[in-house]
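A.B. asks:
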Amino acid sequence: IAVGGCLAQKDKNVILEKAPWVDVVFGTHNMGSLPTLLERARHNGEAQLEILESLEVFPSTLPTRRENTY
Numbered sequence: 681i682a683v684g685g686c687l688a689q690k691d692k693n694v695i696l697e698k699a700p701w702v703d704v705v706f707g708t709h710n711m712g713s714l715p716t717l718l719e720r721a722r723h724n725g726e727a728q729l730e731i732l733e734s735l736e737v738f739p740s741t742l743p744t745r746r747e748n749t750y
């Protein structure tokens, strides 16, 4: 089970304390790391926490669909 987003970022410790079955807690800038975090949680048998406040470069592997060029 993975919990992510701005509230997960803000309440990371509360989530892990109140929901010990959660495998991964990640922030809004960590979406690209989710597969690695899930694999690490499965391998290590403990919750993984990754919260980065900002990124130099946004992960480009996320799919995008645009209606027009601009």
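When the letters of the sequence shown are read in order and numbered with the working numbering, they come out as residues 681 to 750. Every residue, glycine too, gets a C-beta built ideally from N, C-alpha and C. All of these numbers come straight from a predicted model, not from anything done at the bench.
#1: Give me, in chain order, the residues of the same chain whose beta-carbon lies closer than 8 Å to that of Asn710; leave out the 5 immediate sequence neighbours on both sides.
#2: Hey, could you find the ends of the alpha helix (DSSP H) Leu696 is sitting in?
#3: What is the DSSP secondary structure of Glu719, counted as helix, strand or coil?
#4: DSSP on Gly712, reduced to helix/strand/coil?
#5: Within 10 angstroms of the Cβ of Ala699, are there 16 or more other Cβ atoms? Answer buried if so, exposed if not.
C.D. replies: Working from what's here:
#1: Here the set comprises Gly684, Leu717, Glu730, Ile731 and Leu732.
#2: Taken as a continuous stretch (DSSP letters only), the alpha helix (DSSP H) holding Leu696 covers Lys692 to Lys698.
#3: Helix at Glu719.
#4: Gly712 falls in the helix class under three-state DSSP.
#5: With fewer than 16 Cβ atoms within 10 Å of its Cβ, Ala699 is classed as exposed.
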